[in-house]
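To keep things clear, I will list the structure first and then write my remarks on it.
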Amino acid sequence: MFLLITRESFKYCSFKAYRVIEVEELCKSYGSLKAVSNLSFSVKEGEVFGFLGPNGAGKTTTLNMLMGLVVPDSGRITVAGVEVVEHPLEVRRVAGYLPENPGFYPWMSVLQNMLYFADFYGLGRAEAEELLELVGMAGHSHRKAGELSKGMRQRLALAQALLNDPEVLLLDEPTSGLDPEGAAEFRELVRRLSREGRTILFSSHILPEVTEVCRSVGIIHRGRLVVQGELKKLSKMRGFRVVVETQPPLPQEDAERLLGRFARRIERRDGSYVLDCPEDTRASISRELFRHGYAVTEIHAESPSLEELYLEVVRGSE
Amino acid sequence: MSLLVVAKKEFAEQVGSRRFIVLTLLTMLVVAYALHMGLRIAHQSMRAEVLQLFIGTGNAVFALFGAGLGLLAGFDLITREREQGTLKVLLSHPVPRDAIILGKAAGAFAAISLAVACVLAVATGAVLIYGMPLSIEELADVAAFGGVTVIYIFTYFSFGIFASAVAKSSGTALTISALLLVFFSAAVPVAGELVSSRLAGEPPAPPVYEHRVHEDGSAALEVVAEPDSQAMRAYEQKMAEYMERKRRISAIFGLFSPVYNYKELVRYLMAERTYGSHAEVLNRLAGFVAMPAVFFTLGYVRFVREDVV
Chain A
1 MFLLITRESF
11 KYCSFKAYRV
21 IEVEELCKSY
31 GSLKAVSNLS
41 FSVKEGEVFG
51 FLGPNGAGKT
61 TTLNMLMGLV
71 VPDSGRITVA
81 GVEVVEHPLE
91 VRRVAGYLPE
101 NPGFYPWMSV
111 LQNMLYFADF
121 YGLGRAEAEE
131 LLELVGMAGH
141 SHRKAGELSK
151 GMRQRLALAQ
161 ALLNDPEVLL
171 LDEPTSGLDP
181 EGAAEFRELV
191 RRLSREGRTI
201 LFSSHILPEV
211 TEVCRSVGII
221 HRGRLVVQGE
231 LKKLSKMRGF
241 RVVVETQPPL
251 PQEDAERLLG
261 RFARRIERRD
271 GSYVLDCPED
281 TRASISRELF
291 RHGYAVTEIH
301 AESPSLEELY
311 LEVVRGSE
Chain F
1 MSLLVVAKKE
11 FAEQVGSRRF
21 IVLTLLTMLV
31 VAYALHMGLR
41 IAHQSMRAEV
51 LQLFIGTGNA
61 VFALFGAGLG
71 LLAGFDLITR
81 EREQGTLKVL
91 LSHPVPRDAI
101 ILGKAAGAFA
111 AISLAVACVL
121 AVATGAVLIY
131 GMPLSIEELA
141 DVAAFGGVTV
151 IYIFTYFSFG
161 IFASAVAKSS
171 GTALTISALL
181 LVFFSAAVPV
191 AGELVSSRLA
201 GEPPAPPVYE
211 HRVHEDGSAA
221 LEVVAEPDSQ
231 AMRAYEQKMA
241 EYMERKRRIS
251 AIFGLFSPVY
261 NYKELVRYLM
271 AERTYGSHAE
281 VLNRLAGFVA
291 MPAVFFTLGY
301 VRFVREDVV
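Protein chains in written order, with this note's numbering: chain A, 1 to 318; chain F, 1 to 309.
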């Protein structure tokens, strides 16, 4: 008996967590410059994936390859089950793209710009206006695109990226150049789109906003992916920082003797000790100190911030 | 369908652009003024010359303004999209690249046709004002002239779009387009003249003059043969052969000059199709159409293959 498997049924039946974006061994060079080198990562369905890296790391080149705008030298990319190199037009039917510094025809109004792009999908005024409403641009639909502020252009760019009701959204530095209020509004929009079940790849070098919006991240440096995973797991992998204070104050030699087995590194800071621990061992540390006559007056654990993780990874890969 | 969407937008952008409106209006004004001046001195008895005046004026004006119109319509079609960031947005939708460049060409072709039609309508109006209505045959000739003119302007458009596809910025594209214009419209015909003069050899010496020394010691070249003498006829025959040889060599270079081809084809129309041999006109027509086809194809190939970064 034959079983008809469509792309939709395949993705829901075969994998518990369907990988909407899959990149394998991707390479791209411009002359002697290796823009992307053996890059592999995947993004699960419904995930907001933070694609992090310093300027010039290869983020935009990767996104361009994901949209079929740039042909890779080697490697394989699939987006929503579509092989990008072989079917670039098909990918653009299932994915929406907000490029860095998007442009519009300045002599056309906001609505005319939207209608132009909508025409490629056979969509009309109603759909265009609905999306302008969604991104908060309905009140500006008759303004010339050349008169828009950066924040408005980003909103319009998001609206055009949503025209095909995409399963996957690729956002390249979407908040760069926006004022704090505009950036916060934009992040809220992204969260809203994520709640609708869309898979979002959020490329950025602004770490706090990635922490705020994304559940998992990949860090790219010099064209290579140096780390990928869920933010929580990455933090755990990186370990915990336990800050402890005792009465009487713990001398340095006792700190190293008693706490050395719990921490990779011990540092004294303003009368406290900061322990770099692979896991949260606060209870064991308290017991050990108590057993040796020290009362713990303060103990808490800190997860490293994404910024610390990022800097550590980037510096480590140099 | 994508092609039509792009063509529609491109047409609207072209006909709404300031440079297009200014150049078209300027062409209209110059043609109308030249016709007005020509027709004012023409008498009704010179009826047969009205069409020649009509097309001759259009030819001279379009040869100059048409080149500018075509070049300016095409030189930044792709570079401007890159510079203002719209190319990436456009290509992020399911639009094949060939639909973009073909749509741009179709929209520009329609806009150029509209400009030529407007100028010819104004010129026809000017002729009618002087009470010299054009016959159906004459109107057909005017339409044929319009067709040749559209192709002529499109040739410069193809230079522009080629430059726009290969250049990184609009400034560079304009420079490349202008260099192509100068090369094919001025350098090639001049080179043709120089090469033909060299290859055709020395012109025959006139047999009718002789160096004579007079009795008073003065010397001068004097006519020694009568105009209808055998020596004179032989000289004329040799001179005609020499000129024809020169013209043929020059015409080969002319095949690569849009303005030369344009003027020759218009001359053929004005002479009621009695100018030049049939094969010669066909060759010229082939050269005339091949040039925009070649440059447009080069631009097309470059554009569809490039990485959009």
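Here a beta-carbon is modelled for each residue, glycine too, at the ideal position from N, C-alpha and C.
Check	Outcome
Collapsed DSSP secondary structure at HIS300 (chain A) in the structure displayed	strand
Under the three-state DSSP convention, the category PHE154 (chain F) falls into	helix
Partners in chain F for PHE240 (chain A), counting only beta-carbon separations shorter than 9 Å	Those do not exist, as PHE240 (chain A) stays about 42 Å from chain F at its closest Cβ, beyond 9 Å.
ILE78 (chain F) versus ASN261 (chain F): straight-line alpha-carbon distance, rounded	28 Å
Whole-angstrom distance between GLU188 (chain A) and ARG7 (chain A), CA atom to CA atom	Confidence in ARG7 (chain A) is poor, its pLDDT being 43 and thus under 50, which makes the residue's placement unreliable; the coordinate value appears in the next sentence. Approximately 31 Å, taken between the alpha carbons.
Counterpart residues of LYS263 (chain F) in DSSP-defined beta bridges	LYS263 (chain F) is not bridged to any residue.
Interface residues of the stretch 38-71 of chain A facing chain F [CB-CB below 9 Å]	THR60, THR61, ASN64, MET67, GLY68, LEU69, VAL70, VAL71
Helix, strand or coil at ARG93 (chain A) [DSSP, three-state]	helix
9 Å Cβ cutoff, GLN84 (chain F) in contact with chain A	yes
Residue-chain proximity (ALA301 (chain A), chain F), Cβ-Cβ < 9 Å	no
Euclidean distance between Cα positions of LEU102 (chain F) and ASN38 (chain A)	36 Å
For ILE77 (chain A), the first and last residue of its enclosing beta strand (DSSP E)	74-79
Residue burial classification, HIS214 (chain F) (beta-carbon count within 10 angstroms, cutoff 16)	exposed
Proximity test, Cβ basis, 9 Å: LEU102 (chain F) and chain A	no
Within chain A, partners of VAL15 (chain F) - CB distance below 8 Å	Those within 8 Å of VAL15 (chain F) in chain A number zero; the least Cβ separation is about 12 Å.
Neighbour flag for PRO94 (chain F) against chain A, beta carbons, 9 Å	yes
For ALA144 (chain F): DSSP bridge partner residues	Answer by DSSP bridge pairing: none, since ALA144 (chain F) is not bridged.
Between the CA atoms of VAL48 (chain A) and THR211 (chain A) - distance to the nearest angstrom	11 Å
Contacts around PHE202 (chain A), its chain only, beta-carbon distance under 8 Å, and the 5 residues preceding and following it disregarded	VAL48, PHE49, GLY50, PHE51, LEU171, PRO174, VAL190, VAL210, VAL213, CYS214
Cβ-Cβ distance between ALA121 (chain F) and PHE11 (chain F) below 9 Å	no
Distance CB(GLU163 (chain A))-CB(ALA126 (chain A)) smaller than 9 Å	It should be pointed out that residue 163 (chain A) corresponds to Leu in this sequence rather than to Glu. No, the Cβ-Cβ distance between LEU163 (chain A) and ALA126 (chain A) is not below 9 Å.
Short Cβ contact (9 Å threshold) for VAL243 (chain A) with LEU193 (chain A)	no
Selection from F:SER92, F:GLY125, F:GLU244 that minimises the alpha carbon distance to LEU35 (chain F)	F:GLY125
Residues that ASP307 (chain F) contacts on chain A, provided the C-beta gap is smaller than 8 Å	ASN64, LEU69, VAL70, VAL71
At least three beta-carbon pairs within less than 8 Å, the stretch 292-299 of chain A to the stretch 240-255 of chain A	yes
Residues near LYS150 (chain A) in its chain [Cβ-Cβ closer than 7 Å; skip 5 each side]	GLY177, LEU178
contact_flag[the stretch 104-118 of chain F, the stretch 198-209 of chain F] where n(CB pairs < 8 Å) is 3 or more	no
Below-9 Å beta-carbon distance, VAL166 (chain F) vs any chain A residue	no
Beta-ladder partner(s) of LEU25 (chain F), from DSSP	Beta-bridge pairing links LEU25 (chain F) to no other residue.
Three-way DSSP call (helix, strand, coil) for ASP276 (chain A) in this model	strand
For ILE206 (chain A), the residue or residues it bridges with in DSSP	DSSP, once it has assigned bridges, lists no residue as partnering ILE206 (chain A).
CB contact check: THR6 (chain A) to chain F, cutoff 9 Å	In this prediction, THR6 (chain A) scores a pLDDT of 44, lower than 50, which makes its location untrustworthy; the coordinate-derived value is nonetheless stated afterwards. No, THR6 (chain A) lies away from the interface with chain F (no Cβ there is under 9 Å from its Cβ).
Neighbour list for VAL301 (chain F) in chain A, Cβ cutoff strictly below 9 Å	In chain order: nothing, as chain A lies at least about 15 Å away.
Boundaries (first-last residue) of the alpha helix (DSSP H) holding ASP119 (chain A)	110-119
Whether VAL95 (chain F) touches SER2 (chain F) by CB criterion (9 Å)	yes
Extent of the continuous beta strand (DSSP E) to which GLU230 (chain A) belongs	224-230
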